[in-house]
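A short worksheet on the structure shown next.
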DNA sequence: GAAAACTCCGAAAGCCCTTTCGGTACGGTA
DNA sequence: TACCGTACCGAAAGGGCTTTCGGAGTTTTC
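Residue numbers (the working numbering), protein chains in the order written: chain D, 15 to 362; chain W, 15 to 362.
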């Protein structure tokens, strides 16, 4: 309330922000002392420090992070470069990155390249201009994507979609373990006639999950019912595949699906065919996409890729790298977890 | 490749970034000239400019946006503060904001407050410290949310969820027009026995859409079939409501749903009851949530809230406000659009 | 009582850039 | 030849902050 010499228009509160200088003057100390007091550094008498803090409070001083970063050489920001239009993967990763250090410590520039290489280049430039401390690249599938190269001045981590350059660091969910885990879950429930319906076989995710499924059946001495059924990731395919499966192998009692969408289709087809889930046939999805998994009847057990954890790890790696640690290279497979719901229960 | 006097560890390419000074030296001009050359300002001979540009290129110089912003007093960044965990609304809004000015002109800090007021405060502080030019607040429903207040030094726009303070500027989709549009669409297809199944009646969105639906039926001289059915936004409710509806009013030939999730449930129930869509009963959803709308059988006609447009408008408003324009106040209702798919076709 | 050891504070340099304003060199005009 | 206008360039200030280093004042030590 003590601003008498206002000059700029204050339509949207755009009266020059209070600077550290204002605070120092009001507290009757020098700029240097004010800085030290506020940052708890250097030798400042307790009384003086308090005086500065009070002054800052009264003027509602907010330190200019730009000036600070300019000196420090780091900004406490990371760029999140994505093409995941749905935001299904990128939002949890963002939350993880925000959480990696306390709230408000790290801020994230989210850029959506929309699958366009030109736009991606634009965004990278902009991020570097803004001196982000690192970049996390998020793909929309777990297939390798082109590397950004090594001539960037900041550490880069590839999340979800690994880089096609093995000397980059990539963090990706362990699809193989996910397939295995899902299948073991069904086996643990006493199912023995297990089939696997998945999506587009051109996707690494589809192949990796299928490998996991086979590993589990092999380990249990079981034979997979029919071949793995690949086509695409849609509910439509889930329905068609399930119908086909029931015709050929009516004795199936467990279905591992490559995605929640497929699982939704499978549930539909099973109900149309008069089969009950989970008693007659147990069904398990993949991705744990809440809106799909919790709205089906019954609700869908699914494998969750722990994206938030992945984001946290990615952010940690970036700041470790800045602090001089070697960022590492190659693809790291992060653990997934199973979320049990109504579509799988022990055999009675 | 011409960096011989490196000192810092270069593990992650963290060799001191080249500054404008480096470029100037290499081009044999002063700092001032280099700056003017690169920014195309002031009087610089064409040859000199070229020399500077070449030097910048060779050193792969990236201007430090921090220093630039420090001088300019604006950063070209906006904060997007959300609690939309799904990212369903916030991602399109982000894309719109990015697009408002060319690619890479404006960057967006996305912060997820997760519905937590404390975290929200943290994020606001952090955004202000980073000197964002403005803040866009995105709610996850169209009910009014608490205002951030007017003591912020930057313009604020509320998107999707309006502010509860009428002196703030809020941009929200026109739910009433959406309800009307959906209903008019069905009427235009020759349907006359139209019902409306919606979600939680405590939501402004549910009430507003219902008003629109009634407006349309009234205007056409039709009576809505039964009362508007409110409960919650789930598929489960969609199924239950549709069953009930078919029992009470078997002659229904068009259903306007309050959300795509509800519509999915309705489609399910209709199929279970042996009714065909769209011939027998036409169904229309709301939100145009792709994964739901395009995977149903038949695919779902739905009302799209034009989030991207909303984001673009919000960003424009913020920068207009910075340029001295009055940001305005009150709630603006933005137009929605209808996306037609297989669940609605003209009566044969 | 003088020297030594602290404690606390401030002047000034510097982070990287933009912008103002004055200066130099050149060609043209009287 | 003296003068002026033009084209181009550079020195320096400044934006908000942190950090170093020395200085002033106070207390302890011998």
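Glycine included, every Cβ here is placed at the ideal spot set by N, Cα and C.
For a test of the three-state rule: what should DSSP assign to residue i, helix, strand or coil?
i: residue 91 of chain D; result: strand
i: residue 309 of chain W; result: coil
i: residue 73 of chain D; result: coil
i: residue 46 of chain W; result: helix
i: residue 237 of chain W; result: coil
i: residue 19 of chain W; result: Residue confidence is low: residue 19 of chain W scores 34 on pLDDT, short of 50, so the model does not pin down where it sits. Its coordinate-derived value is still stated next. Residue 19 of chain W falls in the coil class under three-state DSSP.
i: residue 242 of chain W; result: coil
i: residue 190 of chain W; result: helix
i: residue 331 of chain W; result: helix
i: residue 250 of chain W; result: helix
i: residue 5 of chain W; result: This structure does not reach residue 5 of chain W, given that chain W is present from 15 up to 362, and the question cannot be answered.
i: residue 225 of chain W; result: helix
i: residue 117 of chain W; result: coil
i: residue 56 of chain W; result: coil
i: residue 110 of chain D; result: helix
i: residue 358 of chain W; result: coil
i: residue 31 of chain W; result: coil
i: residue 301 of chain W; result: coil
i: residue 291 of chain W; result: coil
i: residue 51 of chain D; result: helix
i: residue 128 of chain W; result: coil
How would you call residue i, buried or exposed, if buried means at least 16 neighbouring beta carbons within 10 angstroms?
i: residue 163 of chain W; result: exposed
i: residue 155 of chain W; result: buried
i: residue 235 of chain W; result: exposed
i: residue 181 of chain D; result: exposed
i: residue 199 of chain W; result: buried
i: residue 90 of chain D; result: buried
i: residue 124 of chain W; result: buried
i: residue 134 of chain W; result: buried
i: residue 116 of chain D; result: exposed
i: residue 197 of chain D; result: buried
i: residue 237 of chain D; result: exposed
i: residue 263 of chain D; result: exposed
i: residue 112 of chain D; result: buried
i: residue 64 of chain D; result: exposed
i: residue 301 of chain W; result: buried
i: residue 160 of chain W; result: exposed
i: residue 93 of chain W; result: buried
i: residue 343 of chain W; result: exposed
i: residue 19 of chain D; result: Annotation note: pLDDT 35 at residue 19 of chain D (below 50); position unreliable, coordinate value reported separately. Exposed.
i: residue 45 of chain W; result: exposed
i: residue 56 of chain D; result: exposed
i: residue 325 of chain W; result: buried
i: residue 278 of chain D; result: buried
Since residue i sits in a beta bridge, which residues does DSSP pair it with?
i: residue 341 of chain W; result: Looking at the DSSP assignment, residue 341 of chain W forms no beta bridge with any residue, so it has no partner.
i: residue 209 of chain W; result: W/269
i: residue 171 of chain D; result: D/150, D/183
i: residue 123 of chain D; result: D/93, W/123
i: residue 296 of chain D; result: D/268
i: residue 260 of chain D; result: Beta-bridge pairing links residue 260 of chain D to no other residue.
i: residue 346 of chain D; result: D/185
i: residue 102 of chain W; result: Per DSSP, none; premise fails for residue 102 of chain W.
i: residue 3 of chain D; result: Any question about residue 3 of chain D goes unanswered here, given that chain D covers just 15 to 362.
Quick check on the DSSP output: the alpha helix (DSSP H) that includes residue i runs from which residue to which?
i: residue 282 of chain D; result: 274 to 286
i: residue 317 of chain W; result: Residue 317 of chain W -> not in any alpha helix (DSSP H); beta strand (DSSP E) instead, spanning 315 to 318.
i: residue 371 of chain D; result: Nothing about residue 371 of chain D can be reported from this structure: the residues present for chain D run from 15 to 362 only.
i: residue 37 of chain D; result: 34 to 41
i: residue 143 of chain W; result: 131 to 143
i: residue 83 of chain D; result: 79 to 86
Which residues bound the beta strand (DSSP E) around residue i?
i: residue 3 of chain W; result: The structure shown does not extend to residue 3 of chain W, since chain W is modelled only from 15 to 362, so the question has no answer here.
Count Cβ pairs between the segment 272 to 289 of chain D and the segment 247 to 256 of chain D that sit closer than 8 angstroms; are there 3 or more?
yes
Using a Cβ distance threshold of 8 angstroms, determine whether the segment 266 to 280 of chain W contacts the segment 334 to 345 of chain W, with at least three qualifying pairs required.
no
Determine contact between the segment 211 to 218 of chain W and the segment 239 to 246 of chain W, defined as no fewer than three beta-carbon pairs at a distance below 8 angstroms.
yes
Are the segment 216 to 224 of chain W and the segment 173 to 190 of chain W touching by the rule of at least three beta carbon pairs closer than 8 angstroms?
yes
Looking at C-beta atoms only, is the number of pairs between the segment 71 to 91 of chain W and the segment 286 to 297 of chain W that lie closer than 8 angstroms three or more?
no
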